[in-house]
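A short write-up of the structure that comes next.
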Amino acid sequence: MALALAAVCVAASPAAAHGVGGREPTNVRSRIVSVSPPVAGLAVTLIEDGERVEVTNRGPTEVTVLGYDDEPYLRVGPDGVFENTRSPAVFQNRSLNATGDVPSSYDATAEPEWRRVSGDDHVRWHDHRAHRMSGGSFPTTQWTINLTANGRPVVVQGELAWIEAGPWWPWLLLTAVIAALVALAARVAWRLTVTLVLALMCWAEVLHIVGSWSEVSLTLPGRIMASVFSFVAVALGVYAVIRASRDSPSASAPVILVAAVVFVVAGGVGDVSSWFRSQIPSTLPAGTVRALVALAFGGGIGLVIASASHLVPDRTADATDPAELA
64 MALALAAVCV
74 AASPAAAHGV
84 GGREPTNVRS
94 RIVSVSPPVA
104 GLAVTLIEDG
114 ERVEVTNRGP
124 TEVTVLGYDD
134 EPYLRVGPDG
144 VFENTRSPAV
154 FQNRSLNATG
164 DVPSSYDATA
174 EPEWRRVSGD
184 DHVRWHDHRA
194 HRMSGGSFPT
204 TQWTINLTAN
214 GRPVVVQGEL
224 AWIEAGPWWP
234 WLLLTAVIAA
244 LVALAARVAW
254 RLTVTLVLAL
264 MCWAEVLHIV
274 GSWSEVSLTL
284 PGRIMASVFS
294 FVAVALGVYA
304 VIRASRDSPS
314 ASAPVILVAA
324 VVFVVAGGVG
334 DVSSWFRSQI
344 PSTLPAGTVR
354 ALVALAFGGG
364 IGLVIASASH
374 LVPDRTADAT
384 DPAELA
């Protein structure tokens, strides 16, 4: 069990967003300040904390997104989405941090060569103007992306800021308090405490999955992979509740111990970075996410302590009286 826990802890990076892959908490906030002038049917939004820009055009005319050299880059309108294969932005936007020289086949001054990408009324792309290209804190800066709608210029104005998270130690203190309360309560009322804590941790993990479901990834497989540890934790938690409600402490303790360790890894280790980052990939309030992490840590550690004392069965009741042997 110790070797398995060590392997899982190594695999579950604290920066990972609640599982394998997905968006990670960060201190960088990118937001759109204005779209000027307003265009009927046009909406510009940021997704994945500014790592992608989404332009939706439900109007009757096409909207063109301009690249880094003000060349036509993308078109979206009634006929679908088109990409200018000669635009240098096509090459530069293939990675989060563009490196190397742009090949000569991409030329901002060349006549556009349009390729139909999809029949949708929206387009998403990674734009280096809307996100931070290097690590570390930085002063608040402004960014712009230029569009054209029906031949008129449209300017998307945005802001990029470094937002520090609050102190992390209160969440560690809350973790210690929860762990102590669970361990002490289990000594007084084992079955009631274990059942309630496991049920609460299952509910909290489901709440965390729901909050992060639409934020960690744009695809269903990506969302499932980002929450795979949480699904395992909930399944084990439900099974542990069933065992705890019907079996003796010594019989259910091993199952409860395993479930508690998985909760610590999935909901604690996997999301502890939310204590240190201000921008969290979840629709839940940041304080709620951090409290759920403290519950996973504290409740899991408390259950580990409580169940450890019941791993060895009590054999005193089975001992034979020496007088009977005589």
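Mapping of the sequence shown onto this note's numbering: position 265 corresponds to residue 328, and the numbering continues sequentially without gaps.
Each residue gets a CB set at the ideal place from its N, CA and C atoms; glycine is no exception.
The structure presented is a predicted model; accordingly, all values stated were derived computationally and were not measured.
- Counting only unbroken stretches of 4 or more residues, the alpha helix (DSSP H) elements lying wholly within the segment 198-285 are 232-251 and 253-276, in sequence order.
- Counting C-beta pairs with one atom in each stretch, the segment 112-125 and the segment 232-244 have fewer than three that are closer than 8 angstroms, which means they do not touch.
- Positions of the beta strand (DSSP E) runs, each at least 3 residues long and wholly inside the segment 294-326, cannot be given because no such run exists.
- Counted as a single uninterrupted DSSP element, the alpha helix (DSSP H) harbouring A152 occupies residues P151 to Q155.
- For S93, the enclosing beta strand (DSSP E) covers residues V91 to S99.
- Between the alpha carbons of R353 and Y136 lies a gap of roughly 41 angstroms.
- Here P344 is actually not in contact with S290; their C-beta atoms are around 11 angstroms apart, not less than 8 angstroms.
- For R178, the three-state secondary structure derived from DSSP is strand.
- With fewer than 16 other Cβ atoms from the protein chains shown falling within 10 Å of its own Cβ, Q220 counts as exposed.
- Straight through space, the alpha carbons of G361 and W253 are spaced by roughly 17 angstroms.
- With a cut-off of 8 angstroms on Cβ pairs, the segment 137-156 is not in contact with the segment 213-228, counting fewer than three such pairs.
- Taking 8 angstroms as the upper bound for CB-CB distance, P88 and S337 are in contact here, some 5 angstroms apart.
- Looking at the DSSP output, P135 shares a beta bridge with L129.
- If you draw a 10 Å sphere on the C-beta of W234, you find 16 or more other C-beta atoms in it, and that means buried.
- The same chain holds no residue with a CB closer than 7 angstroms to that of L236 once the five nearest residues on each side in sequence are set aside.
- The residues N120, T124, E125 and V126, in chain order, have a CB closer than 7 angstroms to that of G140 in the same chain once the five nearest residues on each side in sequence are set aside.
- A106 has T119 as its beta-bridge partners, per DSSP.
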